[in-house]
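Step one of this worksheet: look at the structure below.
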Amino acid sequence: MHNRDVARFALVALRGYPGRTTLMLIAMAIGVAAVVVLTSLGEGARRYVSDEFSSLGTNLLIVIPGRSETAGVNPTTLMGETPRDLTLDDALALTRSYSVRRIAPLNVGSTDVNWHGKQREVTVIGTNHEMLAIRHWELSQGKFLPDSDLDVATPVCVIGSKIRSELFGAKRAIGEWLRLGDRRFRVIGIMGSAGRSIGVDVQETIMIPVASAQQLFNTPSLFRILVEAKSRAAIEPVKRFIVDTLQERHQGEKDVTVITQDAVLATFDRIFSALTYAVGGIAAISLFVAGILIMNVMLVAVSQRTAEIGLLKALGAAPKQIVVLFLSEAFLLSLLGTVAGLVLGEFASLLIRKAFPVLPAQAPLWAVLTAILVALLTGLLFSLLPARRAARLDPVLALSRR
Amino acid sequence: MIDLQQIHRNFQVGDQVVHALDDIDLHIAAGEYVSIMGPSGSGKSTLLNLIGLLDRASSGRYLLDGEDVTTLSDIEQAATRNHRIGFVFQAFHLVPRLTAAENVELPLVLAAMPVEQRKPLVARALESLGLSDRAHHKPEQLSGGQRQRVAIARATVTEPAVLLADEPTGNLDHKSGDDVINILESLNKRGITLIVVTHDPEIGGRARRRLEMRDGQIETDSATESQGA
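For the protein sequence lines, the chains are V and X, in the order given. Mapping of the first sequence onto the working numbering: position 345 corresponds to residue 1276, and the numbering continues sequentially without gaps. Mapping of the second sequence onto the working numbering: position 37 corresponds to residue 55, and the numbering continues sequentially without gaps.
Encoded structure:
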């Protein structure tokens, strides 16, 4: 029998029982669609987190005062240790490496902002001009903080767009003087809407030179130092350089923690990949359920079409041909169900992407391929038994039954 | 051409062994017109199924055209049925979702004949049975007589040497039944070996050679009677 004739026979057989065929198609399609949608959600969550971390900056290292020891209990954890503060001089020392492209010291505090009697509480970030480039932020108006020495306390500020609209409304903000705590700052720039990073909405902050922030909050220490390495490969050497330099400057104490954004990213990546595998696996179970349904329906088909099988045998169909005919029918069914499921699943993913633009829900290729493979294999595997039952039918008995 | 030697066919029913065929010796020459009659349970259908290779003998030898077909494999038997034997059933056994033409085409499809060779054969078979205008009808759109004619077209499209008909008129009214028998007889006149199983003496009596079966044995054979007379 030619392949084309087999396919046509199977197709006509499927069309002959539209209700049954539709039900099986739906079962298979739901299984495949479930895999596609669930893995696309997992993948979307992974990419969302990954994007958030990338927005922190590229090739970024974050220096945090104090040592976080995860290697168990040692005498210092019991006694407690007061880490030395990070200072502006520490930050300056970190620029003395060829592999470091730029650094930005960071000071964060909260205070009141005043302009012409309007007042609100605001998060103030003290930093330098490099921050804009490190964080890939954009300005919508004016200039960012001036490129001056770190210890120069210039009374200028860059405000978030939300602060601007709340304080100034439709009025011009650039060049105006506002008051932070007990000091006056001139507005020189306004952040663009693109700036956003985990936890802090840049649009609700005011940025001032780091020396000004130290005066404002009356502290010599820094909250963080952000260091950008020249390349991805330079991240590890720079990390060693930072630890060594600061150990030397802090009388031999290793009292800072350096986080590389890649390490954090990799951890989240692993977590979310595992999550995607897990939900994908759970969804794949529905494919097996669909496979069992196919087996059931094929068994019914065999008993319904007993006389037909007897006839095919009488007309000269060998047992193997009967097996091929029924397997083809099941395979065609799985194939159509898989295609329908892919369309359905991709459409659902598209809807999710439209509804939640921050969540890039897109099923990964491996999940789609696995879904197709599992669907087709279960379809074939579970119809093997019914097909062989059909092939073993005694033609005399099969023909005498009506 | 059909040569049965000491054929036995036993069925196990509960703890009893039923001898459906009990030591049958039968020779049928090419081009003969044979009817097999007898009460139900006499073994006439079993004999026909055995000749049609749908059933295997418990013991004995079956030579078809001098070739021992009892020892053939399932695949070889299937091929033999396809090329050399045509079946006509009481219940027609047309595939309901296929058109008349597609039903007739089925044995050629199973034999993997290319489409361009199939089409003219199907058209000729339908035409010779006066069904050309019904080629694209589904079985449910055809009358009983037309359905049986489609079945005959299907049985003869491979140009088999033997045509086996099991109660071919059992589901038909008198008029259509008569038509079907006339068609079968005209096929026989053109050389096909025709074996008809029936319990209707009027139809069975039209055959040149008449077998009467009882309890798994051939009770009378008009061929040997005439020899004896």
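Every residue, glycine too, gets a C-beta built ideally from N, C-alpha and C. Only a predicted model underlies this, so the values are computations on that prediction, with no experimental measurement involved.
Using a threshold of 9 Å, state whether the C-beta atoms of residue i and residue j are closer than that.
i       : j       : result
V:L1109 : V:N1045 : yes
V:P1025 : V:R1155 : Before going on, a small fix: residue 1025 of chain V reads as Leu here, not Pro. Cβ atoms of V:L1025 and V:R1155: not closer than 9 Å.
X:M19   : X:D83   : yes
V:A1271 : V:V963  : yes
V:V1087 : V:I1065 : no
V:A1302 : V:A1214 : yes
X:G163  : X:D197  : yes
X:I103  : X:L181  : yes
V:V1228 : V:M955  : yes
X:V214  : X:L205  : no
X:V106  : X:A169  : yes
X:T211  : X:E50   : yes
V:A1321 : V:I1240 : yes
V:I1056 : V:M959  : no
Select from the options the residue whose C-alpha is nearest the C-alpha of residue i.
i       : options                               : result
X:T216  : X:T174, X:S60, X:A96 and X:L112       : X:S60
X:L190  : X:S204, X:R165 and X:L181             : X:R165
V:S1204 : V:L1153, V:L969 and V:A964            : V:L969
V:G1048 : V:T1058, V:L1111, V:I1056 and V:D1078 : V:L1111
X:D21   : X:A48, X:S63, X:Y80 and X:G56         : X:Y80
X:L71   : X:K62, X:M55 and X:T88                : X:T88
V:Q1145 : V:E1069, V:S1028, V:N1059 and V:Q1293 : V:N1059
V:R1117 : V:E1260, V:G1100, V:D1132 and V:P1140 : V:P1140
X:R27   : X:L128, X:I46, X:L66 and X:P125       : X:L66
X:K62   : X:D239, X:T238, X:M231 and X:S77      : X:M231
X:A96   : V:I1283, V:N1038, V:M932 and V:D1078  : V:M932
V:L1153 : V:A958, V:L1243, V:G947 and V:I995    : V:I995
V:A1232 : V:F1257, V:G1276 and V:I1034          : V:F1257
V:D936  : X:A169, X:A130 and X:V175             : X:A130
X:G234  : X:A47, X:P57 and X:A183               : X:P57
V:V1089 : V:A1261, V:M1062, V:L1282 and V:R1033 : V:M1062
X:E177  : X:P125, X:L160, X:I221 and X:V133     : X:P125
X:T242  : X:E220, X:S150, X:A179 and X:I46      : X:I46
V:R1163 : V:I1105, V:N934, V:H1181 and V:S985   : V:S985
X:V133  : V:N934, V:V1055 and V:T989            : V:N934
V:A1160 : V:L942, V:T1237 and V:R1027           : V:R1027
V:G1276 : V:T1198, V:I957 and V:L1330           : V:I957
X:E220  : X:S146, X:I199 and X:D239             : X:I199
X:A171  : X:D218, X:A225, X:F110 and X:R227     : X:F110
To which residues of the same chain is residue i closer than 6 Å at the C-beta, ignoring the five residues directly before and after it?
i       : result
X:G188  : Q108
V:D1043 : Q1050 and E1052
X:A119  : V140 and A153
V:T1269 : V963, I1303 and A1306
V:I1129 : Its pLDDT being 48, under 50, V:I1129 is placed unreliably by the model, and the measurement read from it follows with that caveat. For V:I1129, where only same-chain residues beyond five positions count, the Cβ hits under 6 Å are E983.
V:A1002 : Here the model assigns V:A1002 a pLDDT of 48, short of 50, so the residue's position is not dependable, and the following value carries that caveat. Contacts found: none.
Taking the alpha helix (DSSP H) that residue i belongs to, which residues open and close that run?
i       : result
V:M955  : P949 to S985
X:E134  : V133 to S146
V:A1302 : L1296 to R1323
V:V1195 : Q1192 to Q1235
X:E123  : A118 to L128
V:L1256 : P1250 to A1286
X:G222  : P219 to G222
Less than 7 Å between C-beta atoms, sequence neighbours within five positions excluded: which residues of the same chain meet that for residue i?
i       : result
V:A1142 : L1081, D1082, V1083 and A1084
V:T1191 : L992, I1166 and K1170
V:F940  : L1256
X:G246  : For X:G246, the predicted model reports a pLDDT of 42, less than 50, meaning its position is unreliable and no value from the coordinates is stated.
Among the residues of its own chain, which have a CB less than 8 Å from the CB of residue i, if the five just before and after it don't count?
i       : result
X:F29   : V35, V36 and A38
V:T1309 : L1218, F1219, A1221, G1222, I1225 and S1265
V:D982  : P1291
V:T952  : L945, R946 and L1264
X:P114  : K156, P157 and E158
V:I1283 : V968, S971, L972, G975, L1290 and A1292
X:D86   : R79 and Y80
Check whether the Cβ of residue i lies closer than 8 Å to any heavy atom of the ligand GDP, and answer yes or no.
i      : result
X:H192 : The ligand GDP is absent from the structure shown, which contains no ligand whatsoever.
Tell me which residue opens and which closes the beta strand (DSSP E) that residue i is part of.
i       : result
V:W1108 : W1108 to L1111
V:R1052 : According to the sequence provided, residue 1052 of chain V is Glu. The question's Arg does not apply to it. V:E1052 -> beta strand (DSSP E) spans K1049 to T1058.
V:P1036 : V1031 to W1046
X:H101  : Careful: X:H101 lies outside any beta strand (DSSP E), inside the alpha helix (DSSP H) at D92 to R102.
X:E237  : Q235 to D239
Kindly list, in the order they appear in chain A, the residues whose Cβ is closer than 7 Å to that of residue i.
i      : result
X:L124 : The structure shown contains no chain A; its protein chains are V and X.
Interface residues of the region 1236-1254 of chain V facing chain X [CB-CB below 8 Å]
Taking 8 Å as the Cβ-Cβ cut-off, the region 1236-1254 of chain V approaches chain X at A1238, E1239, G1241, L1242, L1243, K1244, A1245, L1246, G1247, A1248, A1249, P1250, K1251 and Q1252, given in chain order.
Taking any Cβ of chain X, which residues in the region 942-973 of chain V have a Cβ under 8 Å from it, in chain order?
Correct list: V943, A944, R946 and G947.
Listed from N- to C-terminal order along the chain, which residues in the region 1221-1236 of chain V have their beta-carbon within a distance smaller than 8 Å of any beta-carbon of chain X?
The region 1221-1236 of chain V vs chain X, Cβ under 8 Å: nothing.
Pull out every residue of the region 1254-1265 of chain V whose Cβ sits closer than 9 Å to any Cβ of chain X, in chain order.
So nothing in the stretch comes that close.
At a CB distance below 9 Å, what residues from the region 1309-1332 of chain V approach chain X? Give them in sequence order.
So the list reads D1325, P1326, V1327, L1330 and S1331, given in the order they occur along the chain.
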